[in-house]
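Novice: Quick one: structure below, then a few questions.
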Amino acid sequence: MKFLQKLGKSLMLPVACLPICGILMGIGYWLCPATMQGGDVTGIAQQIGYYLVKAGGALIDNMAILFAIGIGVGMSEDNDGTGGLAALASWLMITNLLATANVTVIMPSIAENADATLAFDKIANPFIGILAGVIGSMCYNKFKGTRLPDWLSFFSGKRCVAIVSGVVSILASVVLLFVWPLIFGGLISIGEAIVSLDAVGAGIYAFLNRLLIPFGLHHALNNVFWFDTIGLGDLTHFWAGETSADVSWSLGMYMSGFFPCMMFGIPGAALAMVHTAKSNKKKVAIGLVASAAIAAFVCGVTEPFEFGFMFLAPVLYVIYALLYGIFTVITVLLGFRAGFSFSAGATDLLFSASLPAAQKTWMIIPLGIAAFIVFYVVFRVAITKFDLKTPGREDDDQEAEKKAVLSNDDFTEVARIVLEGVGGKENVASIDNCITRLRLEVVDYTKVDEKVIKSAGVAGVIRPGKTSVQVIIGTQVQFVADEFKKLCK
Numbered sequence: 044m045k046f047l048q049k050l051g052k053s054l055m056l057p058v059a060c061l062p063i064c065g066i067l068m069g070i071g072y073w074l075c076p077a078t079m080q081g082g083d084v085t086g087i088a089q090q091i092g093y094y095l096v097k098a099g100g101a102l103i104d105n106m107a108i109l110f111a112i113g114i115g116v117g118m119s120e121d122n123d124g125t126g127g128l129a130a131l132a133s134w135l136m137i138t139n140l141l142a143t144a145n146v147t148v149i150m151p152s153i154a155e156n157a158d159a160t161l162a163f164d165k166i167a168n169p170f171i172g173i174l175a176g177v178i179g180s181m182c183y184n185k186f187k188g189t190r191l192p193d194w195l196s197f198f199s200g201k202r203c204v205a206i207v208s209g210v211v212s213i214l215a216s217v218v219l220l221f222v223w224p225l226i227f228g229g230l231i232s233i234g235e236a237i238v239s240l241d242a243v244g245a246g247i248y249a250f251l252n253r254l255l256i257p258f259g260l261h262h263a264l265n266n267v268f269w270f271d272t273i274g275l276g277d278l279t280h281f282w283a284g285e286t287s288a289d290v291s292w293s294l295g296m297y298m299s300g301f302f303p304c305m306m307f308g309i310p311g312a313a314l315a316m317v318h319t320a321k322s323n324k325k326k327v328a329i330g331l332v333a334s335a336a337i338a339a340f341v342c343g344v345t346e347p348f349e350f351g352f353m354f355l356a357p358v359l360y361v362i363y364a365l366l367y368g369i370f371t372v373i374t375v376l377l378g379f380r381a382g383f384s385f386s387a388g389a390t391d392l393l394f395s396a397s398l399p400a401a402q403k404t405w406m407i408i409p410l411g412i413a414a415f416i417v418f419y420v421v422f423r424v425a426i427t428k429f430d431l432k433t434p435g436r437e438d439d440d441q442e443a444e445k446k447a448v449l450s451n452d453d454f455t456e457v458a459r460i461v462l463e464g465v466g467g468k469e470n471v472a473s474i475d476n477c478i479t480r481l482r483l484e485v486v487d488y489t490k491v492d493e494k495v496i497k498s499a500g501v502a503g504v505i506r507p508g509k510t511s512v513q514v515i516i517g518t519q520v521q522f523v524a525d526e527f528k529k530l531c532k
């Protein structure tokens, strides 16, 4: 659980890049419907709209790379950028090695298997981005202090991190070469099995669609239900101007349930997060989830909201996915039908309302109100009852440390006493600092005397590992760290 929470916090930085993209794309689609529906882009308004859509899509379409770098930096000790560079190297290596053009050379049989080919077509997904971020950060934490022989000394320390990440990425790619198509193909089989379950099947699909987003595996199910993988193609038939009379199912049933959830459910859940946020963090919560809710309502871009809490509170994310399934069943049974070519936001609802397969689109109002209330109540109860760490409810340790006051303003003297307390410069293996802490690695942990360190007037001492010592100093830590490094030379 601690790993997931740390992963979730690391995602906050890249997730913060996404809401503006959703808003830009929503405005762009409104100004330039041709971007979504096809056709010529004419006039200054449409040209501006087209430009905004592409600007927003630049980051949304490359979200996995943002995740790789963000996690690589966020999960690295001291938030060192070397971890982000190693994560990017891992991402490039895995996605290139497992690109369809390359795996079909290594294993020609894949080219004859449509499901396996589709799996590798979708290899550049958020799950691989997260995996690359974890590889980069873990390799940094493990190998940043590696000492190599003199003839290889150039690659010692941080310079070897990307090299090690590359080796680990090759091994991970070998495993994924065999595992990824099996998982992807299995999900396609599941999709084919639930087609016969009518409204309940649509609900199961919606639940799995949301649940699989963190792993990028929702594409497997989408290809079963939205496109003509098995002769279904809910999306393609809907936008071709057909009706339910032209197909063997109720056209639009695999898209309609997403509209009330994305347009109204997410804003309701976002409001619950704001109301349950800590009083000193409400502005931060509003800044993150409010813009994400707008993006979801306007154009159905939900990733800024979902990735903002799925790893911080995974149980809540399962509940969130379950609500999609329930509302999809209700929506299908009530006869509301709408379709999307991008996602289930207000923009697509507006454009799809005039298509022959659209039915009872006015019901988005009562369905939306119900979704807003249900999502709000469920999220608020779950967050408060289980004390979930959604945006604005993170632990206050760092905030408390920022308020820590160093009782001795003689930074050289503080550094001297701390150095004495950790056993002298011969016992110091590495020196670093974050916003509030002096982070040290020692050779012999038995030489560390916490009482001596605390006598320097520091706020506290933490021993996260046998060879790790973290001295809580407060926001003046940089001055102490500079003096400490001078004394160790």
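Heads up, the sequence shown is in this note's numbering, so the first residue is 44 and it goes up one at a time.
No residue lacks a Cβ here, since even glycine has one placed at the ideal position from N, Cα and C.
So what does DSSP say about Lys-528, is it helix, strand or coil?
Specialist: For the purposes of this step, residue 528 is taken as the residue at position 485 of the sequence shown. In this structure, Lys-528 counts as helix in the three-state DSSP scheme.
Novice: Across the region 88-106 and the region 116-126, are there enough close Cβ pairs to call them in contact, namely three or more that are closer than 8 Å?
Specialist: Result no; under three Cβ-Cβ pairs closer than 8 Å.
Novice: Skipping 5 residues on each side, what residues in its chain have a beta carbon closer than 6 Å to that of Leu-254?
Specialist: For the purposes of this step, residue 254 is taken as residue 211 along the sequence shown, with counting starting at 1. The answer, listed in chain order, is Ala-364.
Novice: Check the C-beta distance from Val-465 over to Val-485 and give it rounded, since I have them as a contact under 8 Å.
Specialist: The count along the sequence shown starts at 1 and reaches residue 465 at position 422. The count along the sequence shown starts at 1 and reaches residue 485 at position 442. Indeed, because the Cβ distance is near 6 Å, the residues count as touching under 8 Å.
Novice: Contact check, Ala-111 vs Ala-130 under 8 Å by CB: the rounded distance?
Specialist: Walking along the sequence shown from the start, residue 111 turns up at place 68. Walking along the sequence shown from the start, residue 130 turns up at place 87. 5 Å between Cβ atoms; contact.
Novice: In chain order, what residues of the same chain have a beta carbon less than 7 Å from the beta carbon of Cys-342, not counting five sequence neighbours either side?
Specialist: As a working mapping, residue 342 is identified with position 299 in the sequence shown. Gly-65, Met-68, Gly-69, Tyr-72, Phe-385, Ser-386, Gly-388, Thr-390, listed in sequence order.
Novice: Hey, would you say Thr-455 sits closer than 8 Å to Thr-518, going by beta carbons?
Specialist: The residue you call residue 455 lines up with position 412 of the sequence shown. The residue you call residue 518 lines up with position 475 of the sequence shown. Against a cut-off of 8 Å, the Cβ pair of Thr-518 and Thr-455 comes out as no contact.
Novice: Take Ala-524 and list the residues in its own chain whose beta-carbon comes closer than 6 Å to its own, dropping the five residues that flank it on each side.
Specialist: In the sequence shown, counting from the first residue as 1, residue 524 sits at position 481. Taken in chain order, the residues that qualify are Asn-476, Leu-481.
Novice: For Glu-484, write down the residues that DSSP places opposite it in a beta bridge.
Specialist: The sequence position of residue 484 within the sequence shown is 441, counting from 1. The partner list for Glu-484 (beta bridge, DSSP) reads Ser-473, Ser-511.
Novice: Tell me the DSSP secondary structure of Ile-478 in three-state form.
Specialist: Stepping through the sequence shown from its first residue, residue 478 is reached at position 435. Of the three classes helix, strand and coil, the one that applies to Ile-478 here is coil, per DSSP.
Novice: So, using beta-carbon positions, are Asn-169 and Pro-224 closer together than 8 Å?
Specialist: As a first step, residue 169 must be located in the sequence shown, where it is residue number 126. As a first step, residue 224 must be located in the sequence shown, where it is residue number 181. In the sequence as presented, Asn is not what sits at residue 169; that position holds Pro. It is not a contact, given that the beta carbons lie outside the stated cut-off.
Novice: Roughly how many angstroms separate the alpha carbons of Thr-78 and Ile-91, rounded to a whole number?
Specialist: Your numbering for residue 78 matches position 35 in the sequence shown. Your numbering for residue 91 matches position 48 in the sequence shown. Taking the straight line from one Cα to the other gives about 11 Å.
Novice: Which residues mark the beginning and the end of the alpha helix (DSSP H) in which Cys-342 is found?
Specialist: Here residue 342 refers to the residue found at position 299 of the sequence shown. Where Cys-342 is concerned, the enclosing alpha helix (DSSP H) stretches over 325-342.
Novice: Reducing DSSP to helix, strand and coil, say where Val-238 ends up.
Specialist: As a working mapping, residue 238 is identified with position 195 in the sequence shown. Here Val-238 sits in helix by DSSP.
Novice: Please list, in chain order, all residues of the same chain as Glu-526 whose beta carbon is under 6 Å from its beta carbon, the five residues on each side excluded.
Specialist: Against the sequence shown, residue 526 aligns to sequence position 483. Within the same chain, Glu-526 has close Cβ partners Phe-454, Thr-455, Ala-458.
Novice: Can you name the residues that DSSP bridges to Val-504?
Specialist: Mapped onto the sequence shown, residue 504 falls at position 461. According to DSSP, which records beta bridges pairwise, Val-504 is partnered with Val-514.
Novice: The alpha helix (DSSP H) spanning Tyr-363 covers which residue range?
Specialist: Sequence index remark: in the sequence shown, residue 363 carries index 320 (1-based). Residues 357-377.
Novice: Excluding the 5 residues flanking Ile-114 on each side, which residues of the same chain have their C-beta closer than 7 Å to its C-beta?
Specialist: Numbered from its first residue, the sequence shown carries residue 114 at position 71. So the list reads Leu-50, Ser-53, Leu-54, Ala-130, Ile-173, Gly-176, Val-177, Ser-180, once near-sequence residues are dropped.
Novice: Would you kindly check if the distance between the Cβ of Phe-163 and the Cβ of Val-148 is under 8 Å?
Specialist: In the sequence shown, the residue the question calls residue 148 occupies position 105. In the sequence shown, the residue the question calls residue 163 occupies position 120. Contact flag unset, no.
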